[in-house]
Amino acid sequence: MTDYLGMWYRARARHGIDDTIHFAVIEPATGRRHEFPVRHRDHDGIGGLFHLLRGWRVPLPPMPVSRQAAPPPFWHWLRALPGRREATPPAPPWRAFPASDEPATVASACLSRAHTFALRQRARDQSLSLNAVLLTALHQAVTDTLLRAPVAGRWLYPVNMRGAVRGERDDQNLSSGFYVTARPEDGPVDLDRRVRDGLRAQRHWRFWHGARVGRWVGQGGVNWLCDRFLAGSPKLGSFTCLGEWRLDLAAAGFPPDALLTLCGPGSPNHPVSNGAMIVNDRLTLSLKLDPSLGAGADTTRACLAAWRDRLERSA
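When we follow the working numbering, the leftmost residue of the sequence shown carries the number 22, and every step to the right adds one.
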């Protein structure tokens, strides 16, 4: 099966939009960072992870799959949802950031095992997904550090499609998603309910089938459509979380306490790129701001610190 989702990243590249997924092995004891870039046109987050693990020749964990074993009937995802459509929030009111001599780069941090365990336990005790806790804290951190005022904003929420769909390679783009609106007054319960509503409504299937339009219109048609979408309503960003992993990074020559982190590529209309994953019982976080915001490395680190601090305080 052709990687039709990869066509969209090739289309964006015509505008100079980088499609790098920024994987990195970090050493908590020394702060050293080992970069392993992966192109999104070839892999999604899970695919990129397995691409790296196979290259390192380390023991592979199980490949995560969707709870759905096959695509639903088309009327399940095509049907209208009366009364459930939300008005699109206005463009985010980004702050005017001071000129910085140091350009924005990927910033990463990790939580202790104790804080990570407490976060997972909190989510279980409240019957919440950990993703809802992570996204709530991220939205609040962005509000505190990047916006002029608290407003509602939209995040692209990812959905792994493996098992429900198959490709020629298990590490190609086999993910979808849908938009979730986060409001200033929202807590994890609100976002958890909104995500569950989106999954029940099969919104990720509408996105999946729409994104594969390249099989009919080719790369030229995807280029034309991509140009229109890039000029559409701005979002806050794409939320990225790869879940929980047990990885033997020492088998690849890294220190025994080494951790792995990732950060999505972002774009001018999804400028807050980020990534979260739990590796060997520790949560890692990464953040990158698109150059279109005009924010430098100090602002990136401040936003990441606010995200981490909110999670630690809530643990």
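In this text, a Cβ means the ideal position worked out from N, Cα and C, and glycines have one as well.
Separation of Cys262 from Gly296, as counted between CA atoms: Roughly 6 Å between the two C-alpha positions.
Runs of beta strand (DSSP E) lying entirely within the region 186-228, each at least 3 residues, in chain order: Contiguous beta strand (DSSP E) elements confined to the region 186-228 occur at 196-203, taking only those with 3 or more residues.
Supposed close pair Asp207, Ala327 - CB separation, criterion 8 Å: The pair is not a contact, with the Cβ atoms about 16 Å apart (cut-off 8 Å).
C-beta atoms of Arg54 and Asp302 nearer than 7 Å: No, they are not a contact pair.
Arg54 CB to nearest heavy atom of the ligand SAM below 6 Å: The model depicted lacks the ligand SAM and carries no ligand whatsoever.
Between the CA atoms of Gly235 and Arg268 - distance to the nearest angstrom: The question names Arg, but residue 268 in the sequence shown is Leu. Looking at the two C-alpha atoms, the distance is approximately 36 Å.
Cβ-based burial, Thr202 [other Cβ within 10 Å; buried from 16]: Taking all protein chains shown into account, Thr202 has 16 or more neighbouring C-beta atoms within 10 Å of its C-beta and is therefore buried.
contact_flag[the region 268-283, the region 303-317] where n(CB pairs < 8 Å) is 3 or more: Yes: at least three Cβ pairs fall under 8 Å.
Closest Cα partner of Pro113 within the set Thr320, Arg334, Leu314: With distances taken between Cα atoms, Pro113 lies closest to Leu314.
Limits of the unbroken beta strand (DSSP E) element including Cys8: Beyond the ends of the chain as shown, which are 22 and 336, falls residue 8; an answer cannot be given.
3 or more residues per run - each beta strand (DSSP E) lying fully within the region 242-290: Within the region 242-290, the complete beta strand (DSSP E) runs of at least 3 residues are 262-266, 280-282.
Beta bridge counterpart(s) of Tyr178 as assigned by DSSP: In the DSSP assignment, the residues bridged to Tyr178 are Phe199.
Inter-stretch contact (C-beta, 8 Å, three-pair minimum) for the region 217-237 and the region 37-49: At 8 Å Cβ cutoff, the stretches do not touch.
Paired residues, beta bridge with Glu56 - DSSP: Glu56 has Ala45 as its beta-bridge partners, per DSSP.
Pick from Met84, Glu189, Leu257 that is closest to Trp115, judged by C-alpha positions: That would be Leu257, whose Cα lies nearest to the Cα of Trp115.
Given Ala108 as reference, the closest of Ser148, Val59, Gly174, Val163 once Cα atoms are compared: Distance from the Cα of Ala108 is smallest, within the candidate group Ser148, Val59, Gly174, Val163, for Gly174.
Under the three-state DSSP convention, the category Pro312 falls into: If DSSP states are grouped into helix, strand and coil, Pro312 belongs with the helices.
In DSSP terms, what Ser294 is bridged to: Per DSSP, the beta bridge partners of Ser294 are Ser259, Lys309.
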